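Peer 1:
Numbering (my numbering), first residue to last: 416 to 822.
1) Can you tell me whether residue 780 is helix, strand or coil according to DSSP?
2) DSSP state of residue 546, grouped into three classes?
3) May I ask which residues mark the beginning and end of the beta strand (DSSP E) holding residue 623?
4) Report the start-end ranges of each alpha helix (DSSP H) in the segment 667-701 that is 4 residues or longer and not cut off at the edges.
5) DSSP three-state call for residue 789: helix, strand or coil?
6) Quick one: what does DSSP say residue 744 is sitting in, helix, strand or coil?
7) Taking only the alpha-carbon atoms, compute the straight-line gap between residue 572 and residue 713 and give it to the nearest angstrom.
8) Applying the 10 Å Cβ sphere with the 16-neighbour rule, what's the burial state of residue 786?
9) Please classify residue 802: is it buried, with 16 or more other beta-carbons within 10 angstroms of its beta-carbon, or exposed?
10) May I ask you to report which of helix, strand or coil DSSP gives residue 647?
11) Quick check on DSSP: helix, strand or coil for residue 506?
12) Compare the C-alpha of residue 517 against each of 578, 539 and 454 and name the closest.
13) Does the beta-carbon distance from residue 584 to residue 622 come in below 9 Å?
14) Output yes or no for whether 9 Å exceeds the beta carbon distance between residue 676 and residue 707.
15) For a test of the three-state rule: what should DSSP assign to residue 611, helix, strand or coil?
16) Under a three-way DSSP split, which group does residue 528 fall into?
17) Apart from the five residues on each side of it in sequence, which residues of its chain come closer than 6 Å, Cβ to Cβ, to residue 648?
18) Thinking residue 492 and residue 503 are a contact (beta carbons under 8 Å), I'd like their distance in whole angstroms, please.
19) Touching or not, the segment 681-695 and the segment 606-616, by the rule of three or more beta carbon pairs under 8 Å?
20) Where do the N-terminal and C-terminal ends of the alpha helix (DSSP H) with residue 720 fall, by residue?
Below you can see the structure in the form of structure tokens.
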């Protein structure tokens with residue numbers, strides 16, 4: 416049985432724009448559009464190579480510009496997987512520039528289309544990319560060249576960050592993942608805040624990536640306003656850890672949204688106070704709380720667990736009592752919905768994929784490099800999200816009853 420192709424709203428918007436831009440009415444028109452897009456990509460990469468060779472960008476006035484400068488173009492026809500592509504090879508005055516992405520006398524680029532960007536998307540370091548390119552094609556690529564070439568996706572990232580969103584999201588998760596970034600010679604930890612949503616169709620989608628800001632009500636309000644400006648009118652449930660200022664920001668931007676403290680983070684924050692020897696038993700006791708059939712039973716279990724462990728680990732259960740108001744909404748949801756909100760297969764799995772893809776990059780050379788890597792990793796990860804959540808029809812029906820008139 417053939418697999419049903421699922422087209423997300425974002426893909427539909429991209430397809431509509433492509434059809435409108437190129438007036439596509441046939442398969443042949445589509446082929447021509449793809450050739451044009453490929454030609455633009457290769458052209459941009461060649462321009463980046465010349466920038467790196469000359470040591471300055473176009474129209475920039477520097478000492479290097481006095482000794483060598485741009486000197487027009489030479490037309491070239493390339494063979495690619497989508498047919499023949501016309502490009503213009505940039506020249507320099509001293510005739511020293513030798514393109515590497517499209518070497519002299521090479522006219523078949525079907526093997527190297529977007530090669531560097533593809534390797535960058537897989538999390539390969541600059542050294543690994545250089546080794547691969549040198550082994551396959553026989554030339555070296557510097558860290559600066561990799562940066563310049565991958566900078567060509569920055570407009571694509573900006574467009575992705577501004578793309579329209581759905582009007583209503585039943586569940587939204589917000590979480591932070593940290594990476595080491597070097598700025599002005601100093602290495603520090605930077606947070607990447609990921610906004611992961613589950614839409615009306617029960618499918619996951621990363622709808623926002625925000626790098627390096629300090630947590631505060633003002634920051635979270637700007638994030639939530641960004642979502643509103645892109646079309647989001649309502650969020651039923653927003654799950655997050657104890658991010659500084661997020662509760663006030665939710666109340667200001669989406670006053671009807673229920674803020675649910677992330678159970679996974681709550682458990683993890685509790686167990687950090689417990690010794691390795693007692694952690695397994697403590698975790699079993701905690702499970703009695705969040706698997707209780709209702710809030711009263713959960714609260715009673717919380718009091719019992721607190722009493723049992725208070726003398727040995729006095730700090731462990733304090734956050735359960737102080738945060739009960741944002742933990743307790745969890746109990747009014749069905750078992751199926753709780754599984755989505757609790758399971759590590761949601762935001763935790765996504766974060767694990769980010770770490771795995773970028774494991775070769777111990778330190779990013781700047782915020783922009785980090786953003787490019789996370790964006791490309793997001794595209795790679797989300798391309799595999801084709802299935803909706805199990806029992807989503809049942810869950811959606813329950814949400815329609817609980818949040819009457821909002822879906």
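Ideal Cβ positions, reconstructed from N, Cα and C, are used throughout, including at glycine. Predicted, not measured: the structure shown is a model, and the values here were computed from it.
Peer 2: The structure says:
1) Residue 780 sits in coil when the DSSP states are folded into three classes, being neither helix nor strand.
2) Under the three-state reduction of DSSP output, residue 546 falls in the helix class.
3) Run containing residue 623: 619-626, per the beta strand (DSSP E) assignment.
4) For the segment 667-701, the continuous alpha helix (DSSP H) assignments of 4+ residues that do not extend past its boundaries occur at 678-686, in sequence order.
5) In the structure shown, residue 789 sits in a helix (DSSP, three-state: H, G or I).
6) Three-state result, residue 744: helix.
7) In this structure, the CA atom of residue 572 is about 44 Å from the CA atom of residue 713.
8) Residue environment for residue 786: buried (at least 16 other C-beta atoms within 10 angstroms of its C-beta).
9) By the beta-carbon neighbour count (other beta carbons within 10 angstroms, threshold 16), residue 802 is exposed.
10) If DSSP states are grouped into helix, strand and coil, residue 647 belongs with coil.
11) In the structure shown, residue 506 adopts extended strand secondary structure according to DSSP, grouped into three states.
12) The option with the nearest alpha carbon to residue 517 is 454.
13) Taking 9 Å as the Cβ cut-off, residue 584 and residue 622 qualify as a contacting pair.
14) No, the Cβ-Cβ distance between residue 676 and residue 707 is not below 9 Å.
15) DSSP places residue 611 in strand when its eight states are reduced to three.
16) At residue 528, the pLDDT of 45 sits below 50, so the modelled position is not reliable; the number obtained from the coordinates is stated separately. For residue 528, the three-state secondary structure derived from DSSP is coil.
17) Sequence-distant partners of residue 648 (beyond 5 residues in either direction) whose C-beta falls short of 6 Å from its own C-beta, in its chain, are 582.
18) The pair is not a contact, with the Cβ atoms about 11 Å apart (cut-off 8 Å).
19) Cβ pair count under 8 Å is below three, so no.
20) Where residue 720 is concerned, the enclosing alpha helix (DSSP H) stretches over 710-724.
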